[in-house]
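Protein chains in written order, with the numbering used here: chain U, 39 to 160; chain X, 39 to 160; chain L, 39 to 160; chain R, 162 to 532; chain P, 162 to 532; chain G, 162 to 532. Reviewing the structure listed below.
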Amino acid sequence: MSDLQFGLMLMLFGMGLVFLILALLWGVIAIFQQIDRRILAKEEEKAQMAAAAAAEPGADIPPDLMAAILVALDRYRQEAKSRGPGRRHPPREIEPGQARWVAVGRAYQLRSNIVPRRRSQR
Amino acid sequence: MSDLQFGLMLMLFGMGLVFLILALLWGVIAIFQQIDRRILAKEEEKAQMAAAAAAEPGADIPPDLMAAILVALDRYRQEAKSRGPGRRHPPREIEPGQARWVAVGRAYQLRSNIVPRRRSQR
Amino acid sequence: MSDLQFGLMLMLFGMGLVFLILALLWGVIAIFQQIDRRILAKEEEKAQMAAAAAAEPGADIPPDLMAAILVALDRYRQEAKSRGPGRRHPPREIEPGQARWVAVGRAYQLRSNIVPRRRSQR
Amino acid sequence: MNLLSTLFAGLAAFTWGNALMIVVGGVLIYLAIVKEYEPVLLLPIGAGAILANLPLSPVIGEDGILSILYKAGVANELFPLLIFVGIGAMTDFGPLLERPHMLLLGAAGQFGIFGTLFLALLLGFDINEAASIGIIGAIDGPTSIYVSNLLAPHLLGPIAVVAYSYMSLVPIIQPPIMRALITKKERRIHMPYSENPVSRRTRILFPILVTIAVGLLVPMAIPLIGMLMLGNLMKESGVVQRLVGASENEIANVVTLFLGLAIGATMQAQVFLKFDTLLILILGIFAFGLDTAAGLLFAKFLRWVTRGPLNPLIGAAGISAFPMAARVVQKVAQEEDFENFLLMHAMGANTAGQIASVIAGGVVLALFAAK
Amino acid sequence: MNLLSTLFAGLAAFTWGNALMIVVGGVLIYLAIVKEYEPVLLLPIGAGAILANLPLSPVIGEDGILSILYKAGVANELFPLLIFVGIGAMTDFGPLLERPHMLLLGAAGQFGIFGTLFLALLLGFDINEAASIGIIGAIDGPTSIYVSNLLAPHLLGPIAVVAYSYMSLVPIIQPPIMRALITKKERRIHMPYSENPVSRRTRILFPILVTIAVGLLVPMAIPLIGMLMLGNLMKESGVVQRLVGASENEIANVVTLFLGLAIGATMQAQVFLKFDTLLILILGIFAFGLDTAAGLLFAKFLRWVTRGPLNPLIGAAGISAFPMAARVVQKVAQEEDFENFLLMHAMGANTAGQIASVIAGGVVLALFAAK
Amino acid sequence: MNLLSTLFAGLAAFTWGNALMIVVGGVLIYLAIVKEYEPVLLLPIGAGAILANLPLSPVIGEDGILSILYKAGVANELFPLLIFVGIGAMTDFGPLLERPHMLLLGAAGQFGIFGTLFLALLLGFDINEAASIGIIGAIDGPTSIYVSNLLAPHLLGPIAVVAYSYMSLVPIIQPPIMRALITKKERRIHMPYSENPVSRRTRILFPILVTIAVGLLVPMAIPLIGMLMLGNLMKESGVVQRLVGASENEIANVVTLFLGLAIGATMQAQVFLKFDTLLILILGIFAFGLDTAAGLLFAKFLRWVTRGPLNPLIGAAGISAFPMAARVVQKVAQEEDFENFLLMHAMGANTAGQIASVIAGGVVLALFAAK
Ligand code: NA
Ligand code: NA
Ligand code: NA
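Have a look at this one:
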């Protein structure tokens, strides 16, 4: 096989293999994501049930306190909504260097999706 | 010599040697302890004599101050006694890891010996 | 060549070469110093011209403030003078070890030249 | 006198080539200090080049310090691999794990490797040299050093210098290509962002499974991907902070210094001052450009296929060059619409490019082994 | 097509043994991360095992990174000795110097070495292998690695893994034996505690004299005891904090990572997957148990001889495994009487065990040399 | 019984020489800990001497840890050169760049090298040995080790020990000579001090140009001066703090420990206990004294030539021994006039001495190569 032939083959096979392997990794991660979501969904369900159970004895809370709590809760929910859906995993430790970029990026990104949406609401 | 024979000999000689060498080290340390104690005793003697010499010119201290000093000293002595005999070497720097255990141990241990003693005094 | 001869030659040539090379380095540094001074002189000229330009609109400063500024400036100049001529390069970061000695030395040295001078002024 | 002539043999042995290489070393140091282009590598490389080009320099002799460092960690590939452990320990694959389809953009961003390889072949380099030059397109220092040292060690000097110098030039090389290939309208596309939950379990399993998967398919990539993922595993495990610290700091710093000096020492006049080196300089730029173009065009294609809100600019982040490329994407996007934030998507594509670069390096070596 | 078959040679060469060993590596990583069993060693060992068992893995080839690390520090014993400098720098022999008779408990805690050695002989291991397996009873990682690498390097992998894994299991292995051998009444014994003054002079002279004394009697123990005591001397001297810091941190961390990876690389399927490995797993537990039992019984005997207030539980701390064993003693004592504090005595026995382990390792090597 | 005799072979092989050398090791450790004489080197040297003189010690065998360290960094000169990178990173050439004529005082302070060399020749040492002994007069540890290891490696032990021990004795050795050679009146001379501006550019170019200039003239000095100036360049560049930190800390500390141990290991009784060692001890003091005297007298001469305000005491700082010698100058000056501050001038002469020592080392090697 001449160098040029081999070079051409390198190009085709090489690029193909790289795509193949990365597609495969995509599949692997996607499976993980599914598992993560199911586990999280279950955990959330449990948490909600626990919250519901815990909420019942709230009947004997004085109405003033109840009002204050409701306002706080509402404010929290709004905030949580504005943070976007799905934010559940705990904030991770910050490393120097690139992690700062990731943090900055996350903050920017969230703003990016909120701002236009709010605009369209007006 | 067969393997089994050599193994048996390894066991007997090995264990014997280990005990022998450690006993020897015990002896060496014990000698050091004796020397340490003698030097410390001498140093303490000197310190006491110096203290006695220093105490004499105390005659011209006003009685109020004297009383305060005596109360403080008494409190200090009680404290020192409760710390147990022989605590003389200066507190050593703390390293991470095991040294923390040593420090905790020292504290626990002292408590351990004080509590029962006090009980028996009652 | 006998060892002794070679030794003698080592001594003469060696010492000579060491002096030669260091004298050469002296020359190189001296050239740098000249360049540094010229550049600094130019920079200073520019700075002064800029300062002069900036000073002109100061006419509309209320007289009280003006007085305060003048006092402060005077104090600064005295201080700057006592620091000796030529101190221009910014204070450099301090490293552990020898740099501390350099810093201490610089401080001492400046004192050393101020004190006698002041004396002779009296 | 014989003594004097031997004494000043250095001056006598000084060549114009040496002088030129000392100037080149000085330029690298200038770029490192004044332009701050990857100073931790370019400064030692420049210093090594100067030390190696002083006439009769003992540093590159049999037992010279730079030869010792070269044998200790470059010839046997130890240093680039150790640096990979540190890189892995510093990399956060979170943004990629949230959006794994970004991996395809990482794949596309490696086209420069193969395109440049082919061009180098056409320019008359032999196949081993061509592949080594192509690997500049991995835009990843340790990978370039690793592969070129195995295939064409005589080109290690220029390739390493080109790889690290151009990496700092990413903010200059990429934007024109981005503006040329992506329309204004496309550049304005907002991408919705919602964090997908990524569990600690996934973060820990990811490096292990990538190692096993890639290792089974491309054994030649095991050292590169294995060390990268080892560092990441240690970081994500959260239980070996001492080892993570040692990898990120002690090992990474010491090895970087030694690696830079040893690579600089390969830049000896008689080896470096060739027409080939000039060609490598040009081919390197070409590799960077081709990577970027391929990433952008593939992102366009992906948008066409998925018809979803995908800003093709993020394709430029697939070349690796972490995190510069992702920042460039964000900057170019903001030029058109200040409120457009693509950074997290770009970060995903960027770490994908890093993995893809390593895999591409392994694939090239594997194809050579299978030749 | 020939190319494809060569390309996927990795998949073709994959064996069930490799797969199993990758699972074993995964289990070690699981133990390290989830159970936090000695993670700084088990995580790199696990990673090394995975990397070495991927088919056709270049990491264990002639110039593979794990082979380089193995040659650089395992084959020549450098790494375990350097780790000993760090251990010495972290050890406080104060509690032992206050109560030097504890040294005898340290001696008793080494019986597991010799008992296990004999049992391994009976099970058919040859004498070198038996001694290497016995040395698991030193319950001290670097000593086990040092001795087994000299006597039976082919068993290094399983022995190191067993030594480090079981060391984390000390809180599980010891308590049942302690409860079985020591009566409730004995466990309630309080030990009076008064700090004996230990001068700085003694603390500094101790490591020097131990080195000389042990060195004169057992030359084979000089490297082990010498490095341990060098670290301690530097620490107690108080004048070389820079070197102490380097030993405890830089050297210890980097060497631990490299040592773990290199040991993991010895766990290749064809070497590791043998019936012998299973036997070593069982003999390891036996060694730990025998050590503990011997320590406890000897403490009982000492109590009977001295008729003083000696709680036999502290015998269990003589096995070394610092500081886990001492903590276990304290915990078991408190189960019976919450106000019983034995920790300082146990610490003395524990550091005695550490010295005794090293000496025992040297004695075994010396007896082999004298064979 | 044969076993016992083999077992206690250590005791049998113990010689009076070994015992004496262990005592010498102990004395070095005593000087390090109690007198705090260069403890970071003398403590490891002392420890190495003890470990190497224990009979049948495996640490100095074929694969002994001290032999490994010796081969890894002493035999090939790696360790002293790496230490030089750290020294360069810690040195501030500012005071010298402000007063470059101080370089001449640094040159004068090297006369001890050549004077001692000649005296050693007269005492019967061969020329290589004499030069190695003379290089003690560089009063710079790494230079002494570097040169003597190349010219007469069998004298490395005593030379290194003498170099480092006497360096701590500078505050004792110098003052009498200073008082004897410099009159009271001269000692009272104040030196005006005005900081000359030194730009960052000059600070950065200085190490580069010194390397090139010295390298062209004395190729043999390239490793020494190159590494010293590399460290300084990294420091002054301000852009590679990570590498500077690694050079000053990680590399310097680890290498110092290893170097000390390896040098200590060369002090084996049969090599060290010779009449020559005693002569080296005496010649070492002579070298220090001659350096000091030459520096002082040359400063006197300079004062006579320039007729400027130059206090001849600062000549004593030209010997190198940074920063002890500069402090001694300040101290002796203040004895006469408390308000006389010469420290900055002395610092200039002191760093000049450091550069001059390295150049002198290179010159000696160059003259030998030209022999
Ligand atoms: Na890439
Ligand atoms: Na043990
Ligand atoms: Na000198």
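Ideal placement from N, C-alpha and C gives every residue a C-beta, glycine not left out. What you are looking at is a predicted structure, and each value in this text was computed from that prediction instead of being measured.
Assess contact between the segment 358–367 of chain P and the segment 237–252 of chain P, defined as three or more Cβ pairs (one per stretch) separated by less than 8 Å. Is contact present?
Segments in contact, no.
How long is the line joining the alpha carbons of U/L55 and P/K435, rounded to whole angstroms?
Using only the alpha carbons, I get a separation of about 37 Å.
Let me make sure I understand the geometry here. Which of P/I194, P/G523, P/L278, P/G187 has the alpha-carbon closest to that of R/V400?
R/V400 has its Cα closest to that of P/I194, out of P/I194, P/G523, P/L278, P/G187.
Is P/G295 closer than 8 Å to P/F275 when the C-beta atoms are compared?
Contact flag set, yes.
Quick one: complete alpha helix (DSSP H) runs, 4+ long, within the segment 196–274 of chain G?
The segment 196–274 of chain G contains these whole alpha helix (DSSP H) runs: 200–214, 226–230, 239–251, 255–259, 264–269.
May I have the straight-line CA-CA distance separating G/D452 from G/L266, to the nearest angstrom?
If you take the alpha carbons of G/D452 and G/L266, they lie about 11 Å apart.
Ignore the nearest five residues each way along the sequence and tell me which others in R/L311's own chain have a CB closer than 8 Å to its CB.
Cβ within range, chain order: E238, L526.
Got a sec, what are the start and stop residues for the alpha helix (DSSP H) G/R349 sits in?
Premise fails: G/R349 is in no alpha helix (DSSP H) and is neither H nor E.
According to DSSP, is G/Q429 helix, strand or coil?
Correct three-state label for G/Q429: coil.
Identify the continuous alpha helix (DSSP H) that holds P/F529 and give its terminal residues.
504–530 is the span of the alpha helix (DSSP H), which, as asked, contains P/F529.
Given a limit of 7 Å on CB to CB distance, which residues of the segment 235–246 of chain P reach chain X?
Answer set for the segment 235–246 of chain P: empty.
Less than 8 Å between the beta carbons of P/Y231 and P/A426, yes or no?
Contact: yes.
Mind checking whether R/L394 and R/T304 have CB atoms under 8 Å apart?
Going by C-beta atoms, R/L394 is not nearer than 8 Å to R/T304.
Within the chosen definition, does the segment 317–329 of chain G reach the segment 247–266 of chain G through at least 3 CB pairs nearer than 8 Å?
The segment 317–329 of chain G, when compared against the segment 247–266 of chain G, does not touch it at the 8 Å Cβ threshold.
Taking the straight line between their C-alpha atoms, what separation do you get for X/P123 and P/N357?
Residue placement at X/P123 is poorly supported in this model, since its pLDDT is 42, which falls under 50; the coordinates still yield a value, given next. One C-alpha to the other measures close to 8 Å.
Which value, in whole angstroms, describes the spacing of the CA atoms of G/E411 and P/E411?
C-alpha separation (whole angstroms): 7 Å.
Helix, strand or coil for U/P134 per DSSP?
Since pLDDT at U/P134 reaches only 41, below the 50 mark, its modelled position is unreliable, and no value is offered.
Let's test the definition: count the other Cβ atoms within 10 Å of the Cβ of R/W177 and tell me whether it reaches 16, buried, or not, exposed.
Its Cβ having fewer than 16 others within 10 Å, R/W177 is exposed.
Assuming R/A170 is part of the alpha helix (DSSP H), what are its boundary residues?
Start and end: 170–174.
Beta carbons nearer than 9 Å to chain R: which residues of the segment 72–86 of chain U have them?
Here the close residues are I73, D74, R75, I77, L78.
Please find out if some non-hydrogen atom of ligand 1 comes closer than 7 Å to the beta-carbon of P/A321.
No; taking the cut-off as 7 Å, the Cβ of P/A321 has no heavy atom of ligand 1 nearer than that.
Which residues mark the beginning and the end of the alpha helix (DSSP H) in which G/D452 is found?
Counting along the chain, the alpha helix (DSSP H) containing G/D452 begins and ends at 436–467.
Could you check which residue in R/V415, R/V493, R/E397 has the C-alpha nearest to that of G/R403?
Nearest option by C-alpha distance: R/V415.
Kindly list the residues whose CB is nearer than 8 Å to the CB of P/G376, restricted to its own chain and excluding five residues on each side of it in sequence; keep chain order.
A382, I383, I386, G387.
Report yes or no: is there a C-beta of chain G within less than 8 Å of the C-beta of L/F57?
Judged by the 8 Å Cβ criterion, L/F57 is in contact with chain G.
List, in chain order, every chain R residue whose beta-carbon is nearer than 8 Å to that of P/F175.
Near P/F175 (Cβ distances below 8 Å), the residues of chain R are L377.
Any heavy atom of ligand 3 inside 7 Å of the beta-carbon of G/G514?
Checking the Cβ of G/G514 against ligand 3 gives yes.
Using a Cβ-Cβ cutoff of less than 7 Å, which residues in the same chain neighbour R/Q431 once the five nearest sequence positions on both sides are dropped?
Same-chain partners within the cutoff: G178.
Indicate the three-state DSSP secondary structure (helix, strand or coil) for U/S40 in the structure shown.
DSSP places U/S40 in coil when its eight states are reduced to three.
Is the CB of U/A68 under 8 Å away from at least one CB in chain R?
Interface residue, yes.
Looking at R/I300 and ligand 1, is the gap between the Cβ and the nearest heavy atom below 7 Å?
Yes, since a heavy atom of ligand 1 falls inside the 7 Å radius drawn around the Cβ of R/I300.
Measure the C-alpha to C-alpha separation of G/P332 and G/G476 and round it to an integer number of angstroms.
So the two alpha carbons sit approximately 15 Å from each other.
Between the C-alpha atoms of G/P337 and R/M428, what's the straight-line distance to the nearest angstrom?
Their Cα atoms are separated by approximately 52 Å.
Helix, strand or coil: which one does DSSP assign to P/S326?
Reduced to three states, the DSSP call for P/S326 is helix.
Hey, out of G/L504, G/N472, G/A460, whose CA is closest to G/K346's CA?
The option with the nearest alpha carbon to G/K346 is G/N472.
For chain R, is any of its Cβ atoms less than 8 Å away from the one on G/I288?
Answer no: the Cβ-Cβ gap between G/I288 and chain R never drops below 8 Å.
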